Amino acid sequence: MASQREGFSRTRMTLYLGFDSSTQSLTALVLEVDGDRKQIVFESAIEFDRELPEYGTVHGVLPDPDPAIAVSSPLMWADALDRMMKRLVDSDLDLSRLAAISGSAQQHGSVYLNARAASGLASLDPARPLAGQIAAMLARPAAPIWMDTSTSAECEEIAQAAGGSAVVAQRTGSRPFERFTGPQIRKFFKRDPAAYAATDRIHLVSSFMASLLAGAHAALDPGDGSGMNLMDLDACRWWPVAIDATAPSLIDKLPSLAPSSTIVGRLSPYWQQRYRLPPARVVAWSGDNPCSLVGTGLVAEGRVAISLGTSDTIFGLMRTPRVDPSGTGHVFGSPTGAYMGLTCFKNGSLARERVRDAFGMTWDDFSRALDAAPPGNGGRILIPWFEPEITPSVAIGGERRYGLAADEARGNVRGVIEAQQMSLALHSQWMGVDIREIHATGGAAVNRAILHVMADVFGADVFPFDVANSAALGAVLRAYHADRLADARPIEWDAVVADIAEPGERARIAPDARRHAIYRELLRVYEACEAHALGRGPDPAPAIAAWRRGSG
Ligand code: ADP
Ligand code: XUL
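Numbering-wise (the numbering used here), the sequence shown opens with residue 104 and increments by one.
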């Protein structure tokens, strides 16, 4: 009787593990599920620059003299995974209760493996660290990541060969974008045909990490697959026209596509023996934005999330895909089986840090400076393209100031935050969502001063999420959902996110009607400044002067 009760409680109290392999760090979350009760019982992060300095990254990127190039190290990601597993087993968690693992990863980045990988992944030596064993399986030591903007020529070539940008957008959900994997693969094929020929499998960061766990090449989910300019979004299959336009024999090198809830394998003998872990199910990984959709509870249409991470993104669920006619945004697959609309900005946290550091501030100083400058910043506008920008497309970085001196601390702090929020508002209009509620996440969502500007610019309620890492939370909730499905005990998405990825009413930040009215007008001024900075519009000085007169 006693052992039966023990058995019962063991099956009820189940653990799930979710990772987030992001630009700057690897995070792990463990979710404990006991009947309907869910709680996070472990959370830990490894920051690449600080904790793995031997790889030489700066903000997770390998320095390159060409600002358009952004690559990172797949071995560093593998190393972080190995070290995080050690941290997990050194914790007091009873990992024998671990049922399933999934993950989230920075989107678009690609890892090139040679023919040794298929057998090598299955026969890793548990006595030795992971990274050293993966090195021999790489056909290309570096992995291009989402911050790379060096493939404009390849975007053009793919668009031409596939019938134009609009056709590519219609089929794949996005026009060819520099950071998307197809253009990156084409550049690699053109620059280094021998290494391309020696490539047996091209993984995204998500499917690479899942392969490390499962000890075999893992399938790719449509959420991340739709960030490649290679997948037919409706059919969730590789689109032959794009494949042919990208590189020869590419179809043989791509992973298979499978629904996000697919069990891609069991935790391989390597992990079982190295850390005495059980043969837990490995669920397909997905991109960080698709995972954040789940982790911010956006399983119904009408609300959006804004993630203020290394990149800033705005996204929401879509029942039917609406492709952006302006070519700015993306439609991705959603792990819930529907679609998601997304717009991505490269000058996110690093732009905020640039301004903070220029004035030697802490984040507290930054928040105080933000609050001290008036809403609308007196019509002083900062265009924050410190680095080449994704939205709008800006090939060569360089910030622009209108009526704002570079050494004016409060004005620049207010300027960068207002510009980012206005840009988010402007370039998400294509999604056609009447935004009343925003779920804020990412590292900068802890900053309430920033969230007040967000609420006022959008005229919407902002709910900060308790778990800053909504991508890892989404990943662990996906592991739970897929495990239940595999046990033939499916659970609805509403129930998956209930009580854990839902906004807390107490944290709500309401918009101020007067300030929102200021921003409604200022948005047109910002748009004029942006057009001018892009070389597509007249000097915005008269528009700024008119706004000042009106607001004064
Ligand atoms: P990633 O996209 O790599 O997952 P995160 O979502 O973890 O990034 O965000 C990390 C960023 O959060 C840091 O680069 C930092 O700029 C930012 N951040 C952390 N604390 C604050 C704060 N109090 N105010 C504004 N930004 C912050
Ligand atoms: C989305 C994008 C970024 C990365 C960041 O298209 O490029 O948000 O996913 O990790």
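Note that beta-carbon positions come from the ideal geometry of N, C-alpha and C, so glycine has one too.
Here the structure is a predicted model, which means the values were calculated and not measured.
DSSP three-state assignment for residue i, whether helix, strand or coil
i: Lys141; result: strand
i: Trp488; result: coil
i: His619; result: helix
i: Cys632; result: helix
i: Cys394; result: helix
i: Trp388; result: coil
i: Asp510; result: coil
i: Ala408; result: strand
i: Thr302; result: coil
i: Trp341; result: strand
i: Pro286; result: helix
i: Pro168; result: coil
i: Gly206; result: strand
i: Ile149; result: strand
i: Thr494; result: coil
i: Glu608; result: helix
i: Thr160; result: coil
Host beta strand (DSSP E) of residue i (start-end)
i: Glu540; result: Glu540 to Thr544
i: His433; result: His433 to Gly436
i: Tyr119; result: Met116 to Ser124
i: Phe418; result: Asp415 to Met421
i: Thr446; result: Tyr442 to Phe448
i: Tyr505; result: Arg503 to Tyr505
i: Arg278; result: Segment: none, Arg278 is in no beta strand (DSSP E) and carries neither H nor E.
i: Ile366; result: Ile366 to Arg369
Sub-9 Å separation of residue i and residue j beta-carbons
i: Gly405; j: Val536; result: yes
i: Leu224; j: Ala298; result: no
i: Met334; j: Gly276; result: yes
i: Trp484; j: Ile647; result: Note that residue 484 is Ile in the sequence shown, not Trp. Yes. Within cutoff.
i: Gly506; j: Ala644; result: yes
i: Tyr373; j: Asp228; result: yes
i: Ser100; j: Phe145; result: Here the chain covers residues 104 to 655 and nothing more, so residue 100 does not appear.
i: Asp559; j: Pro487; result: no
i: Phe566; j: Ala601; result: no
i: Ala246; j: His320; result: no
i: Ile248; j: Ala173; result: yes
i: Cys394; j: Ser213; result: no
i: Ala498; j: Thr126; result: no
i: Met421; j: Val402; result: no
i: Gly419; j: Met557; result: no
Residue range of the unbroken alpha helix (DSSP H) whose run includes residue i
i: Pro641; result: Careful: Pro641 lies outside any alpha helix (DSSP H) and carries neither H nor E.
i: Ser268; result: Ser268 to Thr275
i: Phe561; result: Arg551 to Phe561
i: Ile172; result: Segment: none, Ile172 is in no alpha helix (DSSP H) and carries neither H nor E.
i: Ser314; result: Val308 to Ala317
i: Cys258; result: Ser255 to Ala265
i: Phe566; result: Careful: Phe566 lies outside any alpha helix (DSSP H), inside the beta strand (DSSP E) at Asp564 to Pro567.
i: Val656; result: Within the shown structure, residues of the chain are numbered from 104 to 655, placing residue 656 beyond reach of any answer.
i: Gly328; result: Pro325 to Gly328
Counted within 10 angstroms of its Cβ, other Cβ atoms place residue i as buried (16 or more) or exposed
i: Lys189; result: exposed
i: Glu492; result: buried
i: Thr423; result: exposed
i: Ala338; result: exposed
i: Ala508; result: exposed
i: Asp460; result: exposed
i: Val628; result: buried
i: Ala105; result: Caution applies to Ala105, whose pLDDT of 33 falls short of 50 and renders its modelled position unreliable; the value that the coordinates give is listed next. Flag for Ala105 reads exposed.
i: Thr465; result: exposed
i: Glu157; result: exposed
i: Gln524; result: buried
i: Asp327; result: buried
i: Gln142; result: exposed
i: Gly463; result: exposed
i: Ser124; result: buried
i: Val192; result: exposed
i: Ala547; result: buried
i: Ser364; result: buried
Inter-residue CB distance, residue i and residue j (contact presumed, cutoff 8 Å)
i: Gly577; j: Val397; result: 4 Å
i: Tyr215; j: Leu184; result: Between Leu184 and Tyr215 the Cβ distance is about 18 Å, and since that is not below 8 Å, they are no contact.
i: Ser268; j: Pro279; result: 6 Å
i: Ala322; j: Ala361; result: 4 Å
i: Ala582; j: Leu120; result: 7 Å
i: Thr431; j: Thr494; result: 6 Å
i: Asp615; j: Leu527; result: Not confirmed; about 18 Å, so no contact.
i: Ala563; j: Ile541; result: 5 Å
i: Ser410; j: Gly545; result: 4 Å
i: Arg517; j: Leu473; result: 6 Å
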